[in-house]
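In our numbering, the protein residues as written are 28 to 261.
Reviewing the structure listed below.
Given below as structure tokens:
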């Protein structure tokens with residue numbers, strides 16, 4: 028999935044850029060999805076029904092006439108949420124601690140760039156503020172074209188199976204042209220897991236354990252032989 032991470036401090040205009048990007052992609056027939064990271068302690072508004080239920084439950088679902096939602100009463104891993112999103116391009120607002128996409132910065136002052144991101148992860152800067160050494164985007168359309176040309180989304184597992192310490196290290200190499208998203212080890216695992224038609228991201232270490240265990244058990248069955256193994260659970 029193509030992807031971009033929009034970073035900026037409060038009242039910088041990052042939400043406006045995210046909204047404009049998803050609208051631009053949708054208008055072109057490219058299905059967007061969005062993910063917002065916030066440092067606020069709670070997501071749901073106080074005194075709503077779901078908020079009242081969450082005081083007693085670990086998980087609360089909500090279904091309305093035109094939308095659905097699922098709330099957890101504890102933080103979830105970014106990799107879990109990315110795996111649940113559906114779309115051709117991800118627009119992620121915030122989350123500078125999670126380096127899974129190339130970044131576009133929206134700044135109030137050039138000095139903020141160093142606070143928000145390592146330059147090696149930055150696709151460019153959008154808005155009136157310019158930063159020497161970083162590409163600058165004048166329009167939403169220019170940002171969108173850069174995302175389609177160079178955007179990507181890594182799983183956020185930080186499993187180090189690719190030989191790098193983190194997804195952020197691989198992301199920097201991809202932007203520098205020294206690697207590709209295909210170098211992410213999760214794209215080459217032999218075992219895939221689909222739940223409800225959606226493929227889950229599998230840590231390569233977990234994949235090796237599961238594959239070895241499943242094959243070990245199947246070897247005890249008559250008729251087992253070499254070749255791909257397919258197991259379906261309805």
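Just so it is clear, CB atoms sit at the ideal spot from N, CA and C, and this is done for glycine as well.
Since the model is a prediction, treat every value here as computed from it, not as a measurement.
Fill in: Burial state of residue 50 (16 or more Cβ within 10 Å)
Residue 50 sits at position 23 when you count from the first residue of the chain shown. Exposed, since its Cβ has fewer than 16 Cβ neighbours within 10 Å.
Practice prompt. Confirm, please, whether the CB-CB distance from residue 81 to residue 153 is below 7 Å.
Written response: Within the chain shown, numbered from 1, the residue matching residue 153 stands at position 126. Within the chain shown, numbered from 1, the residue matching residue 81 stands at position 54. No, the pair does not count as a contact, with Cβ atoms beyond the cut-off.
Fill in: Three-state secondary structure assigned by DSSP to residue 90
Locating residue 90 in the chain shown gives position 63, where the first residue counts as 1. Here residue 90 sits in strand by DSSP.
Worksheet item: Taking the Cβ atom as the reference point for each residue, do residue 186 and residue 31 lie within a distance shorter than 7 Å?
Response: Within the chain shown, numbered from 1, the residue matching residue 186 stands at position 159. Within the chain shown, numbered from 1, the residue matching residue 31 stands at position 4. At least 7 Å separates the beta-carbon of residue 186 from that of residue 31.
Item to complete: Ignore the nearest five residues each way along the sequence and tell me which others in residue 72's own chain have a CB closer than 8 Å to its CB.
Response: One-based indexing of the chain shown puts residue 72 at position 45. Excluding positions up to five away in sequence, the list reads 78.
Fill in: Own chain residues within Cβ distance below 6 Å of residue 204, not counting five before or after
As a first step, residue 204 must be located in the chain shown, where it is residue number 177. Apart from the 5 residues on each side of it in sequence, residue 204 has no Cβ closer than 6 Å to any other Cβ in its chain.
Worksheet item: With 16 other CB atoms within 10 Å as the buried threshold, where does residue 97 fall?
Response: Looking up residue 97 in the chain shown gives position 70. In this structure residue 97 is exposed. Its beta-carbon is surrounded by fewer than 16 other beta-carbon atoms within 10 angstroms.
Worksheet item: Considering only C-alpha positions, which residue in the set 126, 68, 40 is nearest to residue 182?
Response: Residue 182 sits at position 155 when you count from the first residue of the chain shown. The shortest Cα separation from residue 182 among 126, 68, 40 belongs to 126.
Worksheet item: Taking DSSP as the reference, what is the three-state secondary structure of residue 164?
Response: Residue numbering aside, residue 164 sits at position 137 when the chain shown is read from its first letter. DSSP, read as helix, strand or coil, puts residue 164 in strand.
Discussion item. Within the continuous alpha helix (DSSP H) that includes residue 49, where are the two ends?
Written reply: Position 22 of the chain shown, counted from the first residue, corresponds to residue 49. Element bounds for residue 49: 41 to 54.
Item to complete: Select from 209, 144, 57, 62 the residue whose C-alpha is nearest the C-alpha of residue 158.
Response: For the purposes of this step, residue 158 is taken as residue 131 along the chain shown, with counting starting at 1. Closest by alpha carbon: 144.
Fill in: Three CB pairs or more closer than 8 Å across the region 194 to 208 and the region 54 to 66
The region 194 to 208 vs the region 54 to 66: no contact.
Worksheet item: When you compare each of 99, 131, 165, 256 to residue 178 by their alpha carbons, which one comes out closest?
Response: Stepping through the chain shown from its first residue, residue 178 is reached at position 151. Selection 99, 131, 165, 256 evaluated against residue 178 yields 131 as nearest (Cα-Cα).
Discussion item. Within a Cβ cutoff of 6 Å, which residues of the same chain sit near residue 39, ignoring the five residues on either side of it in sequence?
Written reply: Within the chain shown, numbered from 1, the residue matching residue 39 stands at position 12. The residues 133, 135, in chain order, have a CB closer than 6 Å to that of residue 39 in the same chain once the five nearest residues on each side in sequence are set aside.
Worksheet item: Since residue 34 sits in a beta bridge, which residues does DSSP pair it with?
Response: Reading the chain shown from its first residue, position 7 is the one you call residue 34. Partner residues in the beta bridge of residue 34, as assigned by DSSP, are 132.
Item to complete: Measure how close the beta-carbons of residue 198 and residue 148 come, nearest whole angstrom, since I'm counting them as under 8 Å.
Response: Within the chain shown, numbered from 1, the residue matching residue 198 stands at position 171. Within the chain shown, numbered from 1, the residue matching residue 148 stands at position 121. With a beta-carbon spacing of about 6 Å, residue 198 and residue 148 fall inside the 8 Å limit used to define contacts.
Worksheet item: What is the rounded straight-line gap between the Cα of residue 163 and the Cα of residue 150?
Response: To locate residue 163, count along the chain shown from 1; it is residue 136. To locate residue 150, count along the chain shown from 1; it is residue 123. Computed Cα separation, rounded: 9 Å.
Practice prompt. Please name the residue or residues paired with residue 151 in a DSSP beta bridge.
Written response: Position 124 of the chain shown holds residue 151. Answer by DSSP bridge pairing, in chain order: 131.
Fill in: Minimum C-alpha distance to residue 53 - residue among 100, 171, 94
Residue mapping note: residue 53 aligns to position 26 of the chain shown, counting from 1. The residue with the shortest Cα to Cα distance from residue 53 is 171.
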